[in-house]
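Counting along the sequence shown from 1, when you hit position 399 you're at 399 in full-length UniProt numbering, and nothing is skipped either side. Notes for the one structure printed next.
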Amino acid sequence: MVIDWLPSLLIVVLLLLGVVGMMRRINLWRAGQPEKVNLIAGLMAMPGRYLKDLHHVVERDKYMSRTHVATGGGFVLSMVLVLVVHVLNVKQQIVAWALLGALALMLVGAFFVFKRRLNPPERLSKGPWMRLPKSLITFAVTFILLTLPATGVLPEGTGGVLLIAVLSVGIVIGLGELLFGMGWGGPMKHAFAGALHLAFHRRPERFGGGRSTGLKPVDLTSAVIGVAKPSDFKWNQLLGFDACVQCGKCQAMCPAFAAGQPLNPKKLIQDMVVGLAGGTDANYAGSPYPGKEVGNAKGSPDEIITAGLVSQETLWSCTTCRACVEECPMMIEHVDAIVDMRRFLTMEKGETPNKGSEILENIIATDNPNGYAPGSRTNWAADQNLAVMKDKKEVDVLFWVSDGAFDMRSQRILRAFVKLMKAADVDVAILGDEERDSGDVARRLGDDATFQSLAKRNLATLGQYKFNKIVTTDPHAYHCLRNEYGDFDDNGALKDVEVLHHTTFLNQLVQSGVLKLDAFKGGKVTYHDPCYLGRYNGEYEAPRDLLRALGIDIAEMERSGFRSRCCGGGGGAPITDIPGERRIADMRMEDASATGADLVAVGCQQCTAMLEGVVEPRPEVKDISEILVDQLVEEVH
C-alpha cells in the first residue's frame, strides 16, 4: 500500500523528537551544582528502586498502585514491542500477540486513570493532566488496531488508506503526547525525570528499607551560602523537582497548608520547576498557596528565588515535619530544599523573621535559645542528686538534658524521667554546665554556621568522657545527636555510642522487668507521635508499648504513626510565627478530642508545650515519663 510506511516513520520521528526533548531536559538539570553520583550503579539500581521502594509508597493507595502497574508497566512493555513489530518489522505472530497483551493491560490502566479524572480529588492538579487518560487510551487503541493484522486476526491491508491515515493521526496524538511530555514538558515529564531521580537520588540511603533524614552540611567557605537561585541547588535536586507528578499528597498532609499559612509543598516544587526552566506559574493548575493568587510567580535559573518566584513567608511557614516527604510517591525531598533556601536568607541576607534573629543571637551568646545564663542550666537538678560527668568520667548512660532545663513545664518531665532511672538503678550522669544547645533550632532556621559550631563544641566535650548510651527526652536533640553530629565527629566521640530517646530506653527497662508499674486507672488515652521521633527516626512502637504495659488500650487518632499531624512546634515555626487562618496545635488537639480521650500522651517537650497552649476545655497533656512515674511501684527496703 502507498502509505504503509507512514506509521513506522511517525514512530521513529516522534521517538527522535522525544530524545531531543530529553536531552534538553538534562541540560536544564545540569544548570545545578555538581554532585557526585555513580552513574552505572544508579542506573542498575533503578529497576529495583522503582519496583520495590517507590511502590512501597505508592501501594498505600491501592487504587493508584494497581492503576500505575497496569498503565506504566503496559506502556513500557508496549513501547519496546512497538519498536520490534512496527519499526524493525519482526513478523513473528507471538511477538505481535505479546504486544496486544501489553496494550490491553495499558488500556485497562488508562480507563482507571480516566475514571479517577472524572471527579478528581481537590489535591490533584488539573490542566494538562486532564489530557493524560485520553492520550493513554488513544495510544493503546491506535496500536491495538495497527497490530491486529500482524497477529492474523485481521487480513493485511484492512481498512486501506483511510484506516492508515486515521491511525497515523492516533499515533501523533497518543504517542506524540507521551513522548513529547517526557522531554519537552507535560503530563508524562515525570516518567523520564522520575526514573532518573530514582537512579541518582540525593539520599540513596532511603532505598532498600533505609532511612535518611539528617540535613546535609553546608560548605561555609562557599561563595554563596545556601540556595539563592535555582542554579544553586545540586543538579540532582533539580532533577527531583522535575519528577513531581502533582498528585498533591504532600499538600494533603502539610500542616501549614491546612492551617491556611502561605505554603503548599506541591506548589513550591512546581515553582522550583518554573525556576529551573524559566517562565511563570501561569499554567499551574493546582491549589495555590493559601491567600496568594496563581500567575504572579516568575523566575529563571539565575534569578534570586525570593525576588519573585517564592515569597520568604512561604519558606518560613514550614515546620520541617517531613509529612510531605514521607507521603511523596516520587520520594522528593521538600524539606531539604526549604532549609537550603532558608540558609541563604539567614546567613547571607540576615532576614530571619520575627524573633528569629533574637533567638539566633541568644544561642550564639548563651548557648540556649532564650538567653538564660548558661550557669543556670543545672538549677532544675539541685534536688535530684544527679552525678555530673566531669566528676565521674565514666558511666553507662549520659542523660542529655537539652534546653528543657530552662523551662518549668519541661523540668517536670526531666524530674519524672530521673525518678524512673533511679528506680531502675541506672548508672547515669549529666554534663551539667558543660552541655550546650544541640543546635537544632539554629539549623532549621538556616544558621548552619552556628549549628556546626555547637556540634563541634559538644562533640569535644563528649570526647572527654566514656559512656555507652546517650538518652534524651528531646526528640530534636535526639535527632541531631543520632543523625547529624556524625558529619563533624572526626575524633569518634560518638563511636559505638547508642543514642536513644527516653521512651525507647524506658521500654527496654520495662521489658527487662527492671521497672515495676501498676495498671493505669485513668480515662481514655490517645498518643501523639512527635515528628522528630516518628517520621525522622522511625520510633513509633516504644511509646505505645509503654502505654500498653500500663494496660492502656490506646485510642488512636485518625492521623497517627507516619501520618501523624505535626503539633506546629518544629522547624522554628513558633519563632518565625507566620500567620495563617488557624493554629496547627489547635487542629492537632481537635484530632485528639475526636477520639474521646481524656489524656494525650506525648514523647516530646516541644509537643507538650504546643498542645498545652491550646485553650481549654481540652484533654490533659502528659509526657509518657510523667504517666509512668505516677504508676511506679516503689519497693520498700
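All residues carry an ideal CB built from backbone N, CA and C; glycine is no exception.
Judged by DSSP in its simplified three-state form, residue 431 adopts coil rather than helix or strand. Judged by DSSP in its simplified three-state form, residue 333 adopts coil rather than helix or strand.
For residue 400, the secondary structure class from DSSP, reduced to helix, strand or coil, is strand.
One thing to note: residue 246 has its Cβ no nearer than 9 Å to the Cβ of residue 290. By the Cβ criterion, the segment 467 to 475 is not in contact with the segment 362 to 369, since fewer than three pairs of Cβ atoms, one from each stretch, lie closer than 8 Å.
In this structure, the beta-carbon distance from residue 484 to residue 237 does not fall below 9 Å. Judged by DSSP secondary structure, residue 15 falls within the alpha helix (DSSP H) whose first and last residues are 6 to 29. Short of 8 Å from the beta carbon of residue 591, and not among the five residues preceding or following it, lie these beta carbons of its own chain, in chain order: 557, 558, 559 and 565.
Counting only residues of its own chain and dropping the five nearest sequence neighbours on each side, residue 380 has a CB closer than 7 Å to the CB of 405, 411 and 414.
The segment 624 to 632 and the segment 503 to 516 touch, with three or more beta-carbon pairs separated by less than 8 Å. Our two residues, residue 299 and residue 312, have alpha carbons roughly 15 Å apart in a direct line.
Closest by C-alpha distance to residue 103, out of 563, 211 and 141, is 141. From the listed residues 492, 387 and 345, the smallest Cα separation to residue 306 is found for 345. In this structure, the straight-line span from the alpha carbon of residue 78 to that of residue 569 is close to 49 Å.
Put simply, of 49, 144 and 501 the residue whose alpha carbon is nearest the alpha carbon of residue 542 is 501. Nearest Cα to residue 529 within the set 539, 523 and 520: 539.
Residues of the same chain with a CB within less than 6 Å of the CB of residue 241, apart from the 5 flanking positions on each side, are 269, 272 and 273 in chain order. Here the alpha carbons of residue 429 and residue 392 stand approximately 8 Å from one another.
For residue 501, the secondary structure class from DSSP, reduced to helix, strand or coil, is strand.
Between residue 630 and residue 523, the CB-CB gap reaches or exceeds 9 Å.
The shortest C-alpha to C-alpha distance from residue 621 to any of 588, 633, 206 and 495 is the one to 588. Contact annotation, residue 322 with residue 536: C-beta distance approximately 6 Å; criterion of less than 8 Å satisfied.
Your pair residue 251 and residue 230 does not check out as a contact, with CB atoms roughly 21 Å apart and the cut at 8 Å. Spatial neighbours of residue 133 in its own chain (CB-CB distance under 7 Å, excluding positions within 5 residues in sequence) are listed in chain order as 110, 113, 114 and 117. According to DSSP, residue 449 shares a beta bridge with no other residue. Counting only unbroken stretches of 3 or more residues, no beta strand (DSSP E) element lies wholly within the segment 88 to 135. Look at residue 470 here: in three-state DSSP terms it is strand.
Taking residue 221 as reference, the option from 584, 452 and 149 with the minimal CA-CA separation is 452.
The segment 573 to 586 makes contact with the segment 339 to 357: 3 or more CB pairs, one atom from each, lie closer than 8 Å. In this structure, residue 482 sits away from residue 605, with a CB-CB distance that is not shorter than 9 Å.
Following the DSSP letters along the chain, one finds residue 425 in no alpha helix (DSSP H), marked with neither H nor E. Rounded to whole angstroms, residue 139 and residue 127 show a C-alpha spacing of 20 Å. The residue from 418, 101 and 194 with its alpha-carbon nearest to that of residue 26 is 194. The segment 415 to 435 makes contact with the segment 381 to 401; the number of CB pairs closer than 8 Å reaches 3 or more. DSSP places residue 511 in the helix class (H, G or I) of the three-state scheme. For residue 218, same chain residues with a beta-carbon under 7 Å away, outside a window of 5 residues either side, are 225, 226, 343 and 448 in chain order.
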